[in-house]
Every structure is written in structure tokens, then in C-alpha cells.
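Colleague: Numbered by the numbering used here, the letters in the sequence shown go through residues 36 to 144 in order. In this text, a Cβ means the ideal position worked out from N, Cα and C, and glycines have one as well. The structure is given below, and queries will be raised subsequently.
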Amino acid sequence: MEIGVFFHCNTNNCVCLTCQETVGVFKEFNIKRHYQTKHANYNKLTGNECGKKLKELEAALTVQQRFFTRARESNENVKKASYKVATLIAKNCEPFPEAEFIKVCMMKM
36 MEIGVFFHCN
46 TNNCVCLTCQ
56 ETVGVFKEFN
66 IKRHYQTKHA
76 NYNKLTGNEC
86 GKKLKELEAA
96 LTVQQRFFTR
106 ARESNENVKK
116 ASYKVATLIA
126 KNCEPFPEAE
136 FIKVCMMKM
């Protein structure tokens, strides 16, 4: 089995799929050392088992990354909505009933 199979590498860093740790410096020696010291038991896996485990770990990493992407998008949507409400409050400085103001805010969203 090739060293570095259980790693997902981007342009900047390498993430271990097994323990989800980032390797400090993106060099072959560091990846090899991490793999040998922490995950030596994966050397026992055969070709089929290795492929299954790799797909499993990649799927888990993808799910985790997708979760954080959704959270960031949700925060951006909340920020946009709050800016729109703040703009409405600033434009309508005159007092008027709350229900009417809430209706205007809801229509803008």
C-alpha cells in the first residue's frame, strides 16, 4: 500500500482522513511520519479493504465540510436580512404601528 493514501491534499495543506488532523508542513516526509506513527495498523489492509475504507473516510470528510459550508451560508443570509431591516428602520424614522412595520419587513425578505 502506498504511503499517503489516507490523506486529502489541497493546495495549502494535507488532512489525514483517519484522524482529521492537518499535517503541519505539506511535505512527503511529514505525511509519511504521521501515517507511520499514528496509523500503522492500516498497512494490514488489502486492496479491496483499503478502497472501501478510503471511500468511507472521504465521505465522512465531505459531510463534515458540507456542514460548515451550510453554516457559513446561513450566517450570510441572516446578515443580509438584518441589513435590510436596519435600512427599513433608518428610512422610516416616523413612528407607526409595529404590526405594519413587521409586515413591511416580511415583504422585503
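(1) Assign Y118 to one of two classes, buried (16 or more other C-beta atoms within 10 Å of its C-beta) or exposed (fewer than that).
(2) Label C54 either buried or exposed according to how many other C-beta atoms from any shown protein chain fall within 10 Å of its C-beta, with 16 as the threshold for buried.
(3) Closest to V60 by CA distance: which of N47, Q71 and Y70 is it?
(4) Across which residues does DSSP place V58 in a beta bridge pair?
(5) Just list the residues that DSSP pairs C44 with in beta bridges.
Modeller: Inspection of the coordinates gives the following:
(1) For this step, residue 118 is matched to residue 83 along the sequence shown. Y118 is exposed by the Cβ-count criterion.
(2) Counted from its first residue, the sequence shown places residue 54 at position 19. Per the 10 Å Cβ criterion, exposed.
(3) As a position in the sequence shown, residue 60 is number 25, starting the count at 1. That would be N47, whose Cα lies nearest to the Cα of V60.
(4) Sequence index remark: in the sequence shown, residue 58 carries index 23 (1-based). Bridge partners of V58: C49.
(5) As a position in the sequence shown, residue 44 is number 9, starting the count at 1. According to DSSP, which records beta bridges pairwise, C44 is partnered with C49.
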